[in-house]
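In my numbering, the protein residues as written are 111 to 413.
The C-beta atom is built at its ideal place from N, Cα and C for all residues, glycine as well.
This structure is a prediction, so every number in the text was calculated from the model and none was measured.
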């Protein structure tokens, strides 16, 4: 599909949020690791991977036809402990990507959109019990999956069209608010840790962080997607976007989860792209904007 076609879909999703359901949006690969728990418990989890993958890939999260453009994503789930009958504590890595376009045409290249580790997920899983989406009854298993599905879809749309993902960020935030009042509430509330679901959903829904979303859209749509055209202009757009995101950390919130997740996701892509920039001193700026990944920028800096 042409890039212009995808931006039309983004606009349609905003305008026709109540349209009839059509095809599913996600193409998710789920991997489960159970080595940390006993073999007896593992037997109860033999269908878990397939159940989760089936749920994500067969559930409708929007009301718009994506015209075959499913979002490629993955969830890696690491079981850590059994905390009660059919109750488990796990960690999960969530990743997503979208195609890169050159001259408005889709290429085989992909750009990472989301990469994060959620270290605190606890849920109940009963083998053989069907997983269902329910907006009114909180389930720590399916609502976790719904939360990240909305985040993945929202960020994917936002990478093409500003504010196209707003409705899905709000849905994710609503799940946090619902989950916060349950017995699983601790992991759905605001926390002081480096990452929390509440913080990322709140920042994505909060107008005071609008500059991050503006920069995020420009970075992808006018930057990454134009590297095959006027490369230096595209890199200038990317650099300007990166600086805007950095300034949020410097002037608004030094602990911004969105800023941290952007650089965690993009640092290697940024370092690789700027190897062809006309001024190699740009790597000094990149290290200033993202000191946590300074070693990556030094590794890619031309001699």
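_I need the DSSP call for residue 127, collapsed to helix, strand or coil._
The sequence position of residue 127 within the chain shown is 17, counting from 1. With a pLDDT of 39 at residue 127, under the threshold of 50, the modelled position of this residue cannot be trusted; read the value that follows with caution. If DSSP states are grouped into helix, strand and coil, residue 127 belongs with coil.
_So, with DSSP's three-state summary, where would you put residue 355?_
The residue given as residue 355 occupies position 245 in the chain shown. DSSP places residue 355 in helix when its eight states are reduced to three.
*To the nearest angstrom, how far is it from the Cα of residue 163 to the Cα of residue 334?*
Translated into positions along the chain shown, residue 163 becomes position 53. Translated into positions along the chain shown, residue 334 becomes position 224. So the two alpha carbons sit approximately 30 Å from each other.
*Assigned secondary structure, residue 197 (DSSP; H/G/I helix, E/B strand, else coil)*: Position 87 of the chain shown, counting from 1, holds the residue named residue 197. In this structure, residue 197 counts as strand in the three-state DSSP scheme.
_Enclosing alpha helix (DSSP H) for residue 371 [first to last residue]_ = The sequence position of residue 371 within the chain shown is 261, counting from 1. Start and end: 367 to 383.
*Using 10 angstroms around the beta-carbon of residue 240, count the other beta-carbons present and answer buried if the total reaches 16, otherwise exposed.*
Here residue 240 corresponds to residue number 130 of the chain shown, with the count starting at 1. The residue in question, residue 240, is exposed, as its Cβ has fewer than 16 Cβ neighbours within 10 Å.
*asked:* Measuring CB atoms only, is the region 360 to 371 touching the region 335 to 349, in the sense that at least three cross pairs come out at less than 8 Å?
replied: no
*Just the Cα atoms here: how many angstroms apart are residue 132 and residue 312?*
Residue 132 sits at position 22 when you count from the first residue of the chain shown. Residue 312 sits at position 202 when you count from the first residue of the chain shown. With a pLDDT of 47 at residue 132, under the threshold of 50, the modelled position of this residue cannot be trusted; read the value that follows with caution. Distance between the alpha carbons of residue 132 and residue 312 is about 29 Å.
*Quick one: what's residue 229 bridged to in DSSP?*
Stepping through the chain shown from its first residue, residue 229 is reached at position 119. Answer is none; residue 229 lacks a bridge partner.
*Cβ-based neighbour list, residue 165, same chain, cut-off 7 Å, excluding 5 preceding and 5 following*: Taking the chain shown and counting its residues from 1, one reaches residue 165 at position 55. Around residue 165: 241, 252, 255.
*Buried or exposed (CB count within 10 angstroms, at least 16 for buried), residue 376*: Looking up residue 376 in the chain shown gives position 266. Burial call: buried.
*Beta-carbon spacing of residue 206, residue 224 below 7 Å*: If you number the chain shown from 1, residue 206 lands on position 96. If you number the chain shown from 1, residue 224 lands on position 114. In contact: residue 206 and residue 224 (Cβ atoms closer than 7 Å).
*With DSSP as the reference, label residue 207 as helix, strand or coil.*
Locating residue 207 in the chain shown gives position 97, where the first residue counts as 1. In this structure, residue 207 counts as strand in the three-state DSSP scheme.
*Contacts around residue 329, its chain only, beta-carbon distance under 6 Å, and the 5 residues preceding and following it disregarded*: What you label residue 329 is simply residue 219 of the chain shown in a count that begins at 1. Same-chain partners within the cutoff: 348, 351.
*Could you tell me whether the Cβ atoms of residue 308 and residue 299 are closer together than 7 Å?*
If you number the chain shown from 1, residue 308 lands on position 198. If you number the chain shown from 1, residue 299 lands on position 189. Taking 7 Å as the Cβ cut-off, residue 308 and residue 299 qualify as a contacting pair.
*Would you mind working out which of 390, 174, 209, 293 sits nearest residue 274, comparing C-alpha positions?*
Walking along the chain shown from the start, residue 274 turns up at place 164. Of 390, 174, 209, 293, the residue nearest in Cα terms is 174.
*asked:* Please state whether the Cβ-Cβ distance between residue 147 and residue 189 is less than 7 Å.
replied: As a working note, residue 147 is residue 37 in the chain shown. As a working note, residue 189 is residue 79 in the chain shown. Yes.
*Round the Cβ separation of residue 379 and residue 222 to the nearest angstrom and send it over; I've been treating them as touching at under 8 Å.*
Along the chain shown, one-based indexing puts residue 379 at 269. Along the chain shown, one-based indexing puts residue 222 at 112. Confirmed, Cβ separation roughly 7 Å.
_Cβ-based burial, residue 403 [other Cβ within 10 Å; buried from 16]_ = On the chain shown, position 293 is the one that residue 403 refers to. Classification of residue 403: buried, given that the 10 Å Cβ count is 16 or more.
*Sort 332, 200, 399 by Cα distance to residue 211 and report the nearest one.*
Taking the first residue of the chain shown as position 1, residue 211 is located at position 101. Of the listed residues, the one whose Cα sits closest to residue 211 is 332.
*Could you pull the start and end residues of the beta strand (DSSP E) that residue 141 belongs to?*
Looking up residue 141 in the chain shown gives position 31. Looking at the DSSP string, the run of the beta strand (DSSP E) that includes residue 141 is 136 to 143.
*For the alpha helix (DSSP H) that residue 323 lies in, which residues bound it at each end?*
Translated into positions along the chain shown, residue 323 becomes position 213. Note, residue 323: alpha helix (DSSP H), 320 to 328.
_Inter-residue spacing [alpha-carbon to alpha-carbon] between residue 266 and residue 172_ = Locating residue 266 in the chain shown gives position 156, counting from the first residue. Locating residue 172 in the chain shown gives position 62, counting from the first residue. Residue 266 and residue 172: Cα-Cα distance of roughly 13 Å.
_Beta carbon proximity, residue 364 to chain D, threshold 7 Å_ = As a matter of chain content, chain D is missing from the structure shown, which is built from one protein chain.
*residue 247, buried or exposed, once every other Cβ within 10 Å from all chains shown has been counted against 16*: Walking along the chain shown from the start, residue 247 turns up at place 137. Result: exposed.
*asked:* Could you tell me the alpha carbon to alpha carbon distance between residue 284 and residue 268, rounded to whole angstroms?
replied: The residue given as residue 284 occupies position 174 in the chain shown. The residue given as residue 268 occupies position 158 in the chain shown. Roughly 19 Å between the two C-alpha positions.
*According to DSSP, is residue 389 helix, strand or coil?*
Your numbering for residue 389 matches position 279 in the chain shown. Here residue 389 sits in coil by DSSP.
*Contiguous alpha helix (DSSP H) assignments of at least 4 residues, all confined to the region 272 to 340*: 276 to 289, 307 to 315, 320 to 328
_Helix, strand or coil, according to DSSP, for residue 406 in the structure here?_
Your numbering for residue 406 matches position 296 in the chain shown. It is helical.
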